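The structure appears below as structure tokens.
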Amino acid sequence: MSVPISQRKALRPTLCLFACESLNQDWTTALPAAAALELIHNFSLIHDDIQDGDLERRHRPTVWSLWGQPQALVAGNAMRTLADITALRLVERGVADEKALRTSFVLTRGYLHMTRGQCLDLSFEDTLDIKLEEYLSMISFKTGDLIRCGLEMGALIASNDENVIAAFARCGSSLGRAFQIRDDVLGIWGDETATGKAVGNDIRRKKKSFPIVYALETAADTARQKLVEIYSKDELDERDVEDVLTVLDELGVADYAQEMTREKADLALQEVSRVTMPSWARREIEEMVEFLAARQY
Numbered sequence: 127m128s129v130p131i132s133q134r135k136a137l138r139p140t141l142c143l144f145a146c147e148s149l150n151q152d153w154t155t156a157l158p159a160a161a162a163l164e165l166i167h168n169f170s171l172i173h174d175d176i177q178d179g180d181l182e183r184r185h186r187p188t189v190w191s192l193w194g195q196p197q198a199l200v201a202g203n204a205m206r207t208l209a210d211i212t213a214l215r216l217v218e219r220g221v222a223d224e225k226a227l228r229t230s231f232v233l234t235r236g237y238l239h240m241t242r243g244q245c246l247d248l249s250f251e252d253t254l255d256i257k258l259e260e261y262l263s264m265i266s267f268k269t270g271d272l273i274r275c276g277l278e279m280g281a282l283i284a285s286n287d288e289n290v291i292a293a294f295a296r297c298g299s300s301l302g303r304a305f306q307i308r309d310d311v312l313g314i315w316g317d318e319t320a321t322g323k324a325v326g327n328d329i330r331r332k333k334k335s336f337p338i339v340y341a342l343e344t345a346a347d348t349a350r351q352k353l354v355e356i357y358s359k360d361e362l363d364e365r366d367v368e369d370v371l372t373v374l375d376e377l378g379v380a381d382y383a384q385e386m387t388r389e390k391a392d393l394a395l396q397e398v399s400r401v402t403m404p405s406w407a408r409r410e411i412e413e414m415v416e417f418l419a420a421r422q423y
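Okay, structure coming up:
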């Protein structure tokens with residue numbers, strides 16, 4: 127793979143191919159698993175856009191906005207089924223039947239956990255009483271598990287060492303948390319020219335992201351009451367957004383969120399620090415983690 131991970135799109139399948147090659151297996155062996163993972167990710171985006179009512183994704187119309195919710199639901203379900211079929215094609219690339227089935231199980235478990243995380247996220251919409259640990263658990267399922275899947279499946283295809291497979295899986299879990307917390311930071315303070323979204327966009331949508339959950343849990347009575355009053359409104363105006371940003375700035379939330387991102391990113395690297403891999407692979411994963419922890423889009 128000649129293009130660095132940090133310059134690629136399709137993060138999850140790329141991680142799968144990387145893990146496979148870093149353990150001295152031909153990366154093309156893992157292509158069915160990587161393709162299946164990308165299909166699952168896109169199935170989740172189609173359904174996520176319906177639930178959020180989003181008309182655009184990546185500056186393009188969403189599936190449901192073009193063809194309606196029923197067709198979008200069917201399209202998403204079809205992609206999920208196609209992913210299951212695609213994963214089993216590992217046997218066509220010389221992967222043993224038992225290992226192919228286990229890889230398929232990891233994928234199925236991953237999107238089941240992702241669905242659980244989505245349900246938890248939806249349940250947060252109706253409450254402001256969310257503990258930070260509850261939020262971290264939610265993102266571990268919703269975001270972290272497919273990232274975990276990428277590294278775990280790639281390692282599983284390439285290695286028979288259970289300790290190595292488990293190390294890559296743990297790396298993916300920590301990386302998934304770092305990825306989502308950084309995403310939450312960008313959803314509030316990201317540069318509009320880089321993210322394509324206005325500053326404070328997640329506040330306007332009243333998303334219970336990491337900065338908001340942390341602020342609600344740690345703010346003094348007056349500041350917390352201010353947040354509760356604002357987030358109890360049906361719709362927020364620009365003054366509300368500014369007031370929330372002021373509270374977050376006073377609490378130093380952006381800095382704390384980035385500290386948490388860094389902590390999870392460092393943990394991800396620690397998890398694979400004892401895994402034997404070529405120098406290029408070590409360099410690649412270090413650069414990738416650094417990019418994800420500090421990305422601007």
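Quick note: the sequence shown uses my numbering, first residue 127, plus one each step.
Note that beta-carbon positions come from the ideal geometry of N, C-alpha and C, so glycine has one too.
These numbers come from a predicted model, not from an experiment.
query	result
Does the distance from the CB of R303 to the CB of I265 come in under 8 Å?	yes
Between the alpha carbons of E413 and L137, how many angstroms are there, rounded?	13 Å
Indicate whether D320 and Q422 have their beta-carbon atoms separated by less than 8 Å.	A small correction: the amino acid at residue 320 is Ala; Asp does not occupy that position in the sequence shown. Their beta carbons are under 8 Å apart, which means A320 touches Q422 by this criterion.
Residues in the same chain with beta-carbon distance under 7 Å from K318, minus the five sequence neighbours each way, listed in chain order, please.	Reading off the sequence shown, one finds Glu at residue 318, where the question assumed Lys. Cβ within range, chain order: A324, V325.
Helix, strand or coil, according to DSSP, for E224 in the structure here?	helix
Taking just the CA atoms, how far does A162 sit from H173?	17 Å
Across the segment 390–398 and the segment 294–303, are there enough close Cβ pairs to call them in contact, namely three or more that are closer than 8 Å?	yes
Between D287, V339, L282, which has its C-alpha nearest D310's C-alpha?	V339
Would you mind giving the Cβ-Cβ distance between L254 and V354, rounded to the nearest angstrom? I have them listed as a contact below 8 Å.	6 Å
Which partner residues does R183 have in the DSSP bridge list?	R186
Around the C-beta of T348, are 16 or more other C-beta atoms found within 10 angstroms, so that it is buried, or is it exposed?	exposed
Suppose contacts are defined by Cβ-Cβ distances below 8 Å. Is I356 in contact with V370 by that definition?	yes
With contact counted as at least three CB pairs below 8 Å, one residue from each stretch, are the segment 283–290 and the segment 327–336 in contact?	no
Measure from the alpha carbon of Q403 to the alpha carbon of each residue in C142, P139, T140, N150, then state which is nearest.	According to the sequence shown, residue 403 is Met rather than Gln. The candidate whose alpha carbon is nearest that of M403 is N150.
Measure the Cβ-Cβ separation of L301 and L171 and say whether it is below 8 Å.	no
Tell me the DSSP secondary structure of T253 in three-state form.	coil
So is Q133 buried or exposed if we call it buried at 16+ other beta carbons inside 10 Å?	At Q133 the pLDDT is 43, less than 50, meaning the model places this residue with poor confidence; the figure from the coordinates comes in the next sentence. Exposed, by the Cβ-count rule.
Considering only the beta carbon of each residue, do L141 and I314 sit closer than 8 Å?	no
Considering only residues of the segment 138–178, which uninterrupted alpha helix (DSSP H) runs meet the minimum length of 4 residues and lie entirely inside it, listed in chain order?	157–178
Quick one: residues in its chain with C-beta nearer than 7 Å to the C-beta of V217, no 5 flanking neighbours on either side, listed in chain order?	D223, A226
Just mark R308 as buried or exposed, buried being the case when its beta carbon has 16 or more other beta carbons within 10 Å.	buried
Leaving aside the five residues before and after S191 along the sequence, list all residues of the same chain whose C-beta is less than 7 Å from its C-beta, in chain order.	L181
Going by DSSP in three states, R421 sits in which element: helix, strand or coil?	coil
Please report the distance separating the alpha-carbon of V129 from that of F144.	Since pLDDT at V129 reaches only 44, below the 50 mark, its modelled position is unreliable, and the value read off the structure follows with that caveat. Those two C-alpha atoms are separated by around 11 Å.
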